[in-house]
Amino acid sequence: NAGVTQTPKFQVLKTGQSMTLQCAQDMNHNSMYWYRQDPGMGLRLIYYSASEGTTDKGEVPNGYNVSRLNKREFSLRLESAAPSQTSVYFCASSEDILRTGGPGELFFGEGSRLTVL
Amino acid sequence: QKEVEQDPGPLSVPEGAIVSLNCTYSNSAFQYFMWYRQYSRKGPELLMYTYSSGNKEDGRFTAQVDKSSKYISLFIRDSQPSDSATYLCAMSAEYNTDKLIFGTGTRLQVFP
């Protein structure tokens, strides 16, 4: 019963290095998301993908790129890491809408803790 | 001013207490309201969902929405140590999940 799986769980980077966070879901959801969570800022949406082949910017997309590889997988890439990107990153997936109407329930992974020195 | 405000806590209560967690918001168009629970070093999980105004009850949890005051609450009755977590409110004017705005979360500690 995996749900949403993120890798890696922890990563330390130096300024300017690049890396990719991987995410996979096994719930056959169309929509997938990348959030970052910072103290005092809450969860903020970086990018999302409403379906395979489409991606859209969220609230804080600068410095990130994403790829929706297939229906299951959605990756987040930092091309040139900066200390401001030190954060906990969460991948999530959802049904399009709740069966009762309203925003679909988000199913989150356990998070990837990234430190940029 | 943030669209959604939430007291960060921590809120520390004894086992069995009634807990009240709150969020205020500024956008009168919000009509979908959710509460997510996040255990330490885990991802959030949906706890309660309410559409528009009114109350919704699920076991020991009650979600309340007062749109006239732009105020939502989550009440936990007979709180347990297993309720110790961070509680995030989330809300949206539209049914698109990507439009959800999250509060910063309130950390709750229930001690035996």
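Order-wise, the sequence lines are chains A and B. For the first sequence, the working numbering begins at 21 and goes up steadily by one. For the second sequence, the working numbering begins at 664 and goes up steadily by one. Positions of the beta carbon are idealized from the N, C-alpha and C atoms, including for glycine. In this text, all values refer to a predicted model and were calculated from it rather than measured experimentally.
Delimiting residues of the beta strand (DSSP E) encompassing residue i
i      : result
A:Y53  : S51 to D58
A:Q37  : Note, A:Q37: premise wrong, no beta strand (DSSP E); not H, not E.
B:P677 : L674 to P677
B:G717 : G717 to D721
A:R92  : Note, A:R92: premise wrong, no beta strand (DSSP E); not H, not E.
B:F633 : For chain B, the structure presents residues 664 to 775; residue 633 of chain B sits outside this window and is missing.
Below-8 Å beta-carbon distance, residue i vs any chain A residue
i      : result
B:T760 : yes
B:R767 : Before going on, a small fix: residue 767 of chain B reads as Thr here, not Arg. Cβ-Cβ to chain A under 8 Å: yes for B:T767.
B:Y695 : yes
B:Y714 : yes
B:P673 : no
B:G706 : yes
Interface flag, residue i vs chain B, CB-CB below 8 Å
i      : result
A:M47  : no
A:Y68  : yes
A:M52  : no
A:F110 : yes
A:P81  : no
A:G36  : no
A:G62  : yes
Three-state secondary structure assigned by DSSP to residue i
i      : result
A:T25  : strand
B:S703 : coil
A:S71  : coil
A:Q153 : In the structure as shown, chain A begins at 21 and stops at 137. Residue 153 of chain A is therefore absent and cannot be evaluated.
heavy atom of the ligand ATP below 7 Å from residue i C-beta
i     : result
A:G78 : The ligand content of the structure shown is nil, which means the ligand ATP is not present either.
Rounded separation between residue i and residue j - CA only
i      : j      : result
A:M47  : A:G129 : 12 Å
B:V682 : B:D670 : 14 Å
B:S727 : A:F94  : In the sequence as presented, Ser is not what sits at residue 727 of chain B; that position holds Gln. The straight-line gap from Cα to Cα measures roughly 35 Å.
B:D805 : A:Q37  : The requested residue 805 of chain B is not part of the displayed model; chain B covers only 664 to 775.
A:P59  : B:T767 : 8 Å
Within chain D, partners of residue i - CB distance below 9 Å
i      : result
B:S755 : Absent from the structure: chain D. Protein chains present are A and B.
Rounded Cβ spacing between residue i and residue j (contact assumed at less than 8 Å)
i      : j      : result
B:E666 : B:N690 : 6 Å
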